[in-house]
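Q: Residue numbers (the numbering used here), protein chains in the order written: chain A, 4 to 182; chain B, 4 to 182; chain C, 4 to 182.
Beta carbons are placed, not taken as given, at the ideal position from N, Cα and C, and that holds for glycine.
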Amino acid sequence: MASIEDRLSALGRVVQWQRDHIEIRQLIASYGPLVDTADQQVRAQRLAELWLEDGEYDIGGVHPCKGRAAIAAVFEERHFDQVPEGVCHVMGLPFITVTGDEASALNYSCVMRPDGDARFFPWRVSANHWELVRQQGRWWIRRRTNRLMTGDPQALALLRSIDTMMQDPSAAAPDPETT
Amino acid sequence: MASIEDRLSALGRVVQWQRDHIEIRQLIASYGPLVDTADQQVRAQRLAELWLEDGEYDIGGVHPCKGRAAIAAVFEERHFDQVPEGVCHVMGLPFITVTGDEASALNYSCVMRPDGDARFFPWRVSANHWELVRQQGRWWIRRRTNRLMTGDPQALALLRSIDTMMQDPSAAAPDPETT
Amino acid sequence: MASIEDRLSALGRVVQWQRDHIEIRQLIASYGPLVDTADQQVRAQRLAELWLEDGEYDIGGVHPCKGRAAIAAVFEERHFDQVPEGVCHVMGLPFITVTGDEASALNYSCVMRPDGDARFFPWRVSANHWELVRQQGRWWIRRRTNRLMTGDPQALALLRSIDTMMQDPSAAAPDPETT
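1. Need the endpoints of the beta strand (DSSP E) that H24/A sits in, please.
2. How is A174/C classed by DSSP in three states: helix, strand or coil?
3. Does the beta-carbon of H132/B have 16 or more other beta-carbons within 10 angstroms, so that it is buried, or is it exposed?
4. Pick helix, strand or coil for D41/B, following the three-state DSSP scheme.
5. Give the interface partners of Y111/B over in chain A, defined as CB-CB distance under 7 Å, in chain order.
6. Does any C-beta atom of chain C lie closer than 8 Å to the C-beta of E88/B?
7. Report all residues from its chain with a CB closer than 6 Å to the CB of R146/C; omit the five preceding and five following residues, and keep chain order.
8. Spell out whether any CB of chain C is found under 8 Å from the CB atom of A121/B.
9. State the start and end residues of the unbroken beta strand (DSSP E) segment that holds D67/A.
10. Distance, Cα to Cα, D39/B vs A5/A?
11. For a test of the three-state rule: what should DSSP assign to T102/C, helix, strand or coil?
12. Counting C-beta neighbours from all protein chains within 10 Å, is the total for A121/A 16 or more, i.e. buried, or is it exposed?
13. Mapping DSSP to helix, strand and coil, what is A108/C?
14. When the cut-off is 8 Å and only beta carbons count, does H66/A lie next to chain F?
15. Within its chain, find whatever has a CB closer than 7 Å to the CB of S12/C; leave out the 5 residues flanking it on each side and keep chain order.
16. Counting pairs of beta carbons, one from the stretch 93-105 of chain A and one from the stretch 155-173 of chain A, are three or more of them closer than 8 Å?
17. Is the beta carbon of I27/B closer than 8 Å to that of W142/B?
18. Do you know how far the Cα of Q138/A is from the Cα of P177/B?
19. Throw me the rounded Cβ distance for the A160/A and G63/A pair, which I believe falls under 8 Å.
20. For the stretch 18-31 of chain C, which residues have a beta carbon sitting closer than 7 Å to at least one beta carbon of chain B?
21. In chain order, what residues of the same chain lie with their CB nearer than 8 Å to the CB of V136/C, ignoring the 5 residues before and after it?
22. Three-state secondary structure (DSSP) at P97/A?
23. Let me know if P117/C comes out buried or exposed under the rule of 16 or more other beta-carbons within 10 Å of its beta-carbon.
24. Would you mind working out which of R127/C, L151/C, S112/C sits nearest G35/C, comparing C-alpha positions?
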């Protein structure tokens, strides 16, 4: 039987892994409500604060943005007009890996818009790769890459990152035997 | 180094936070299968048991219901006819905050229905705010507010509750340093 | 006050339950990226490795497959042609129960495909029941049953398994009082 000390340490490692998973889910779940209420610069800036100061957002079919100011600015182009009509960025289940203060997540997103009476349509369905870092005790986006699922070879390359993510030991909890 | 006692207590607080998050996800994940098989009063009543006895469900475009009997009754109006045709209440990732025995969750829902051969359509895409309480060791819905994402200002106001939810300390795990 | 030993054991049981939930979410989240990049046999075989060697996949509207080779082969029929056009298997939130090394999950899936310019359509919306087993320290699919949500009575029967799943004690965390 392991010592109390060893059992506490092993439990602590699993709990830390679980905490990282849940906090990263929270970050991704916050994106939709933040973006779908961003109808002016002050709200677009709040959304951009999910990223590091020099974070990057490379949007499929749009263009790459670097830095919070550029990220906030990209929503001015057409998104501000969509918000009052209703636009929904629905996030799919993320697959997550974590190594220390760095993490990756892979998920789909589906942007829904109204389509006349009692009907919506999926406007953009995309693959997303999130590079995340922990600073000051919370997770931030360092880089999010988004690619439309219209046969773009870059979208398929992005999705194939699941292969290496699944081989990452942190795809499962640490040290299950010793807890 | 903290004492064994202190480390156990700190771990216990994080584990409690994680448990609340997972149990609330379970509650939200149960909604779809329960509602999409509710084709008669006995099943609508079972669905209504997700709510407190005097719980509230305020459905966008329909009307507010108070109490389990009223909630079960609202599904008679048209939902019972949709179940045999196939109707899917797909729930989006929730953003969750918890304070003691009270919690909030914010997510999207997307109701899919068949649209002829080999095709479905999103019928209702909505923002949802869930007020939850723990009683007798499990979580119940006190009030769910649902608003269609068709530009309804109330839907946008509901989504902007993400601002205060993100500032809630329970949006992240408690006491990370001491675990 | 419980002894250190008892508190550690109680915490360990809750942490184990949480780990199972998160690892099962990871498995389900990996399905989309794996299938939507499966454009040749070698990738279909990698996808089939989510199943046990003699696992089963019973696809609504297609036919049941038994064993990894048969599961990999089923994607040759039309799926390989869809991958280069863009196809997205978006997984809904799972409801999960776990008993020792066996688990069940119930969720929706929604397969999105491009529909001309700046528009996608939900092609298949299905109910899924996953029977999972833990072997060699990780979770595998023993049997996945998938039924289209077009009014198929088998789809509704599958969804009604939520009734027994909700009564399973493992739908909530173990021993909340003693942690």
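A: Let's see:
1. Element bounds for H24/A: not the beta strand (DSSP E) but the alpha helix (DSSP H), 7-38.
2. Correct three-state label for A174/C: helix.
3. Counting Cβ neighbours within 10 Å, H132/B comes out buried, since at least 16 surround it.
4. Residue 41/B is actually Ala in this sequence, not Asp. It is coil, neither helix nor strand.
5. By Cβ distance, chain A contributes G35, C91, V93.
6. Yes, its Cβ sits closer than 8 Å to a Cβ of chain C.
7. E59, E134, listed in sequence order.
8. Taking Cβ atoms only, chain C reaches closer than 8 Å to A121/B, which makes this a yes.
9. The residue you asked about is not Asp; residue 67/A is Pro in the sequence shown. Unbroken beta strand (DSSP E) run through P67/A: 67-69.
10. One Cα belongs to D39/B, the other to A5/A, and the distance between them is close to 48 Å.
11. Reduced to three states, the DSSP call for T102/C is strand.
12. It counts as exposed.
13. In the structure shown, A108/C sits in a strand (DSSP, three-state: E or B).
14. Judged by its chain identifiers, the structure shown contains no chain F, and its protein chains are A, B and C.
15. Hits under 7 Å: none found.
16. Yes: at least three Cβ pairs fall under 8 Å.
17. Yes, Cβ-Cβ distance for W142/B and I27/B is below 8 Å.
18. Near 16 Å, if we compare the C-alpha coordinates of Q138/A and P177/B.
19. Taking a contact as a CB-CB distance under 8 Å, the pair A160/A and G63/A does not count as one, their CB atoms being some 12 Å apart.
20. Per Cβ criterion, the list reads V18, Q21, H24.
21. Same-chain partners within the cutoff: L55, D104, E105, A106, W142, W143, R145.
22. The three-state reading of DSSP puts P97/A in coil, since its state is none of H, G, I, E or B.
23. Buried, by the Cβ-count rule.
24. Comparing alpha carbon positions, the residue from R127/C, L151/C, S112/C closest to G35/C is S112/C.
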